[in-house]
Amino acid sequence: MIVGTVIITLYAPWVRSLKEKRMIVQSLIKKARNRFNISIAEIEETNKHQSIVLGISCVSNNTNHVNSILTEVVNFLESNTEAEIVDVHMEII
């Protein structure tokens, strides 16, 4: 069993309220879950308006498949939001 995880940090300078941030986060999570077979959630900085930290995980029996899925998810998130990606930390176990 191969487990891959990604922690992605995004910066959204135009967000002015937690309500607005949560709408953006929930939209990203829903789109990613519908497109890929992954687990995804907001994991840190939930009370900061402009910072979004998402945790993503994927399980497979092939390292290349896990790497490919997680890379596609990061690219998908980047293309589906105006937020800037600040950091991406990927780990495959």
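Just so we're aligned, residue 1059 is where the sequence shown starts under this note's numbering, counting upward by one.
Glycine residues also receive a C-beta, built at the ideal position from the N, C-alpha and C atoms.
All figures in this text were calculated on a predicted structure; none of them were measured in a lab.
If you reduce the DSSP assignment to three classes, tell me which class Met1059 lands in.
To locate residue 1059, count along the sequence shown from 1; it is residue 1. Correct three-state label for Met1059: coil.
Pair every Cβ in the stretch 1100 to 1116 with every Cβ in the stretch 1128 to 1144, then say whether three or more of these pairs are closer than 8 Å.
Yes, the stretch 1100 to 1116 is in contact with the stretch 1128 to 1144.
So, do the stretch 1083 to 1096 and the stretch 1121 to 1140 have three or more beta carbon pairs nearer to each other than 8 Å?
A contact exists between the stretch 1083 to 1096 and the stretch 1121 to 1140.
Looking at the secondary structure, which residues open and close the alpha helix (DSSP H) in which Ile1110 lies?
Position 52 of the sequence shown, counted from the start, is the residue given in the question as residue 1110. Run containing Ile1110: none in the alpha helix (DSSP H); it sits in the beta strand (DSSP E), Ser1109 to Ser1118.
In three-state DSSP terms, what is Ile1087?
Along the sequence shown, read from residue 1 onward, the residue named residue 1087 stands at position 29. If DSSP states are grouped into helix, strand and coil, Ile1087 belongs with the helices.
Considering only the beta carbon of each residue, do Val1073 and Ile1082 sit closer than 8 Å?
Position 15 of the sequence shown, counting from 1, holds the residue named residue 1073. Position 24 of the sequence shown, counting from 1, holds the residue named residue 1082. Cβ distance < 8 Å, so Val1073 and Ile1082 count as in contact.
Mind checking who Glu1142 pairs with in its DSSP beta bridge?
Start at 1 with the first residue of the sequence shown, and residue 1142 comes out as number 84. Glu1142 pairs with Tyr1069.
Quick one: grab the DSSP three-state call for Glu1130.
Counting from 1 along the sequence shown, the entry for residue 1130 is found at position 72. Here Glu1130 sits in helix by DSSP.
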